[in-house]
Each structure stands twice: as structure tokens, then as C-alpha cells.
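Residue numbers (our numbering): 2 to 431.
Here is the structure we will look at, set down as C-alpha cells.
This is the structure:
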């Protein structure tokens with residue numbers, strides 16, 4: 002019995018040591034003014050200030066200009082370096098999935114087809130090792146999104162240095178995620194079905210079911226029902242024009258049907274997630290003020306007959322037309338969200354202006370999610386959520402971040418991975 006107790010104690014202490022090593026302490030609130038001087042400030046709105054001076058206090062930018070701008074408090078030299086607003090990734094499972102292959106760590110999806118009342122924010126793990134690995138590349142904020150069913154639930158915006166989901170939350174339940182039915186079906190070869198593409202015979206019924214549910218929710222709010230219905234309650238802000246409908250749709254028909262059907266039931270704010278064929282319906286998207294959140298640029302062509310470089314040039318085509326465009330990485334491995342700046346950097350090789358490419362991961366996502374009054378750009382009065390990089394942060398060769406701040410807090414850039422790197426680097430020096 003004594004031996005068993007000793008083994009149990011050793012196991013508990015080992016688990017505790019791993020837990021303590023895995024948990025990072027969030028940075029404390031800013032206590033004195035900080036001035037960053039001499040760097041090239043990329044404001045995120047298309048403008049650049051050379052030899053910039055940026056001053057922030059109490060988590061807010063209080064001065065921004067050229068070298069003549071007075072400094073205050075602690076001074077950080079950024080001579081020869083670059084200052085950026087924190088990058089914002091959208092449509093992610095950050096903090097909801099720790100290990101893709103381990104079901105017990107997956108809190109992104111729930112059971113059911115119509116579950117708008119599922120709140121992804123309450124499942125967000127602020128101490129996730131995946132979350133902390135975003136910061137060294139400049140990704141400081143994220144939209145945490147649900148998945149599964151036709152109406153998956155609500156997403157929220159978080160900052161990536163916090164004790165828990167309450168501290169991390171920047172804007173909760175800011176949108177409802179909808180997976181639009183696919184008019185094309187593909188056979189499940191692993192079940193002996195024909196793997197070829199064919200029309201989805203159930204598509205009209207699936208769309209009707211989705212729209213009927215929204216109409217029922219609308220009638221529920223107009224009729225003043227005596228009994229409370231949580232799924233219908235969750236659609237209140239969407240139907241009133243406060244929340245955004247984030248619709249996963251790729252094909253031309255999906256996009257046209259989604260926009261026309263949702264507009265017909267009174268949904269005002271729509272953003273397309275994916276939008277592989279959005280370039281075919283640009284006039285309709287502009288007319289209905291629909292934003293597009295494209296997939297990551299680092300991928301293969303969408304279809305067998307698509308241009309080989311369409312994933313690279315799609316965001317530029319859409320942005321050049323006047324659409325509000327952002328980027329997301331929903332269909333790739335969760336940890337790949339750290340490569341967000343390099344997806345935007347790919348567009349520069351396609352002819353996009355570097356400052357316009359920067360908009361896709363700063364100002365535009367903030368605008369789509371309704372947080373652009375505080376985040377997304379470097380402006381006086383906005384949050385001091387920013388970082389300093391040794392070089393161009395959109396180039397993986399020069400993205401070397403020295404300092405990062407979230408709401409003025411000087412955050413750590415250490416991660417589980419950097420600790421392992423330091424540990425094993427020391428091994429070969431012994």
C-alpha cells in the first residue's frame with residue numbers, strides 16, 4: 002500500500018510539473034506610458050509612417066506621428082524595424098481543439114443540425130499551447146468559431162493572452178455560423194458508393210428546412226411567445242441586424258442561393274466563408290454589401306478545371322473589385338493559423354500592394370466583426386494591440402518579432418515550442 006501511495010504521489014507531482022510548465026502567466030496591465038520610436042509604422046489602413054513615434058498609455062494609443070512627436074515614459078527604439086497592428090485570424094478553432102486526432106480535446110462541434118444557441122466562447126481554452134504559438138508570428142487576436150450542423154452556433158472574438166475565456170473575450174457572440182447545403186454530392190468511396198460528383202437530390206429540401214427554421218425564429222420574436230425557445234432566442238440579434246451571418250459557401254450557386262435566400266428573410270449582414278467562386282458573382286456581392294473571407298492562399302487549385310494559381314490570386318481579384326475581403330484557415334490544421342501573415346504575403350507576389358495585403362489580416366477582419374473602432378489599425382484612441390518586427394512581417398524570412406503588446410500589456414513571446422528549442426539547444430552545448 003505504501004508503495005502504491007508513493008507511485009501515486011510521484012504521478013501527481015509529475016502531472017503538476019507538466020501542467021505548470023504548460024501554463025503561461027498572462028502579462029499584467031500597463032502601468033507606465035511606452036513610446037516606440039524610429040520604426041516604420043504600417044497603420045493597417047493603407048498608410049505608412051517612416052521614422053514613426055507611437056505612444057500608448059493605459060492600453061490606448063495616445064500619440065502617433067513622425068520623429069517630431071513627443072515621447073513619454075519608457076522608450077523602445079525601433080530604428081530599422083517595423084511596427085504593425087496585431088494580426089487577426091478568422092473562422093478558427095483556436096482554443097477549441099488542442100489535438101486534432103484526440104476527440105476528447107475537440108470542443109468545436111456539437112450534436113444537431115440547427116443549434117444557433119451553441120456558444121463557442123465558453124469552450125475556449127485560453128491556456129492552449131496552440132493559442133500561445135500564434136503570438137510569435139504576430140497573430141494576437143482570433144475569431145473562435147463553431148462547426149457542425151447547418152446552423153453551428155455563435156462565434157466570438159478573443160485576444161490571445163488571457164487567464165480564461167472571460168478575460169480573453171473582446172466581443173462575444175458577434176455572429177452566427179451557417180454551413181450552406183451543397184448542391185453537388187460526392188459518393189463515399191469507403192462505403193462502396195460511386196466517388197463521382199452528382200447533383201444533390203436533397204438540396205432543395207435542405208435549403209427549405211434551413212430557411213423555414215429562420216422564418217420560425219422570426220415569427221417567434223414577432224409573436225411574443227409565452228414559452229422560451231433557446232435556438233430561436235439565439236437568432237434575435239442576427240434577425241435585428243446586429244450580428245453577422247457567416248455562411249460557408251464555395252460554389253457560384255451556393256453563394257447566389259445563400260445571399261438571396263437569407264436576404265429574403267431579413268438577414269442584413271452576410272459574410273461568405275470560403276467563396277472559391279465568389280469572383281463569378283462580384284456584382285451581386287457588391288450590391289448586397291457582402292464581405293468575403295477567403296481560404297488560405299497556400300493550397301492546391303480548388304477544382305480540376307480551376308486556374309492553377311486561383312488560390313493565390315482570388316483575394317486580390319475580390320479586393321480590387323471593392324469588396325471587403327479577409328482571410329481564414331478553417332479547413333487546414335488548427336496550428337497553421339500562425340502562418341496567416343505569410344498567406345497575405347503570398348498576395349504581394351500576385352501584384353497586390355503590401356499595405357493592401359496587410360488590410361486583409363488587420364483592418365478588414367476588424368471591420369467585418371464590428372471591432373474596428375478599437376482594433377485593426379494603428380490610430381490615436383484605439384487599443385495598443387501591436388508588435389515590432391525586425392523586418393517585413395508578411396515575409397517568413399524576416400518575420401522576427403521582438404516585442405508584442407495586447408491592450409498595452411507587454412506579452413511574452415515564449416511558447417512550449419521555444420522552451421523545447423532552448424532545452425535541446427543547450428543539450429548539444431554540453
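Note that beta-carbon positions come from the ideal geometry of N, C-alpha and C, so glycine has one too.
Everything numeric in this text was worked out from a predicted model, so none of it was measured.
{"Asked": "Once you ignore the five residues that flank residue 406 on each side, which residues in its own chain have a CB closer than 6 Å to its CB?", "Found": "385, 387"}
{"Asked": "With a threshold of 7 Å on Cβ separation, who are the neighbours of residue 39 within its own chain once the five nearest residues in sequence on each side are excluded?", "Found": "52, 78, 79, 80"}
{"Asked": "Shortest alpha-carbon distance to residue 100 belongs to which of 400, 335, 409, 377?", "Found": "335"}
{"Asked": "How would you label residue 213, buried or exposed, when you count the other beta carbons within 10 angstroms and need 16 or more for buried?", "Found": "exposed"}
{"Asked": "Could you have a look at residue 115 and say whether DSSP puts it in helix, strand or coil?", "Found": "strand"}
{"Asked": "What does the Cβ neighbour count give for residue 203, buried or exposed, with the cut at 16 atoms within 10 Å?", "Found": "exposed"}
{"Asked": "Do residue 60 and residue 379 have their C-beta atoms within less than 8 Å of each other?", "Found": "no"}
{"Asked": "Hey, quick one: how far does the alpha helix (DSSP H) through residue 425 stretch, first residue to last?", "Found": "417-428"}
{"Asked": "Just confirm the distance between the C-beta atoms of residue 266 and residue 219, as a whole number of angstroms; I'd bet it's less than 8 Å.", "Found": "6 Å"}
{"Asked": "How do the region 231-248 and the region 161-180 stand: do at least 3 beta-carbon pairs fall below 8 Å, yes or no?", "Found": "yes"}
{"Asked": "Taking 8 Å as the cut-off, does the region 98-118 touch the region 277-291 (at least 3 CB pairs, one atom from each stretch)?", "Found": "no"}
{"Asked": "DSSP state of residue 238, grouped into three classes?", "Found": "helix"}
{"Asked": "Figure out for me which residue from 215, 182, 225 has the closest Cα to the Cα of residue 207.", "Found": "182"}
{"Asked": "Short of 8 Å in beta carbon distance, which residues of its chain neighbour residue 21, apart from the five on each side in sequence? Order them along the chain.", "Found": "Residue placement at residue 21 is poorly supported in this model, since its pLDDT is 45, which falls under 50; the coordinates are not used for a value here."}
{"Asked": "With respect to the beta strand (DSSP E) encompassing residue 292, which residues constitute its N-terminal and C-terminal limits?", "Found": "292-295"}
{"Asked": "Consult DSSP for residue 412 and reduce its assignment to one of helix, strand or coil.", "Found": "coil"}
{"Asked": "Which residues in the same chain as residue 281 place their Cβ atom closer than 7 Å to its Cβ, once the five residues preceding and following it in sequence are excluded?", "Found": "253"}
{"Asked": "Have a look at residue 389 and residue 401 and give me their C-alpha separation to the nearest angstrom.", "Found": "8 Å"}
{"Asked": "Please classify residue 8 as buried or exposed, where buried requires at least 16 other C-beta atoms within 10 Å of its C-beta.", "Found": "Only weak support is given to the placement of residue 8: the predicted model assigns it a pLDDT of 45, under 50, and the value that follows is read from those uncertain coordinates. Exposed, because fewer than 16 other Cβ atoms sit within 10 Å of the Cβ of residue 8."}
{"Asked": "Could you give the distance in angstroms between the alpha-carbon of residue 25 and the alpha-carbon of residue 209?", "Found": "48 Å"}
{"Asked": "Suppose the cutoff is 8 Å on Cβ atoms and the five residues either side in sequence are ignored; what does the same chain contact list for residue 371 look like?", "Found": "172, 175, 245"}
{"Asked": "Going by alpha carbons, who is nearest to residue 136 out of 86, 119, 122, 151?", "Found": "86"}
{"Asked": "Assign residue 301 to one of three DSSP states: helix, strand, or coil.", "Found": "coil"}
{"Asked": "Can you find a C-beta in chain B that's less than 8 Å from the C-beta of residue 51?", "Found": "Of the protein chains in this structure there is only one, and it is not chain B."}
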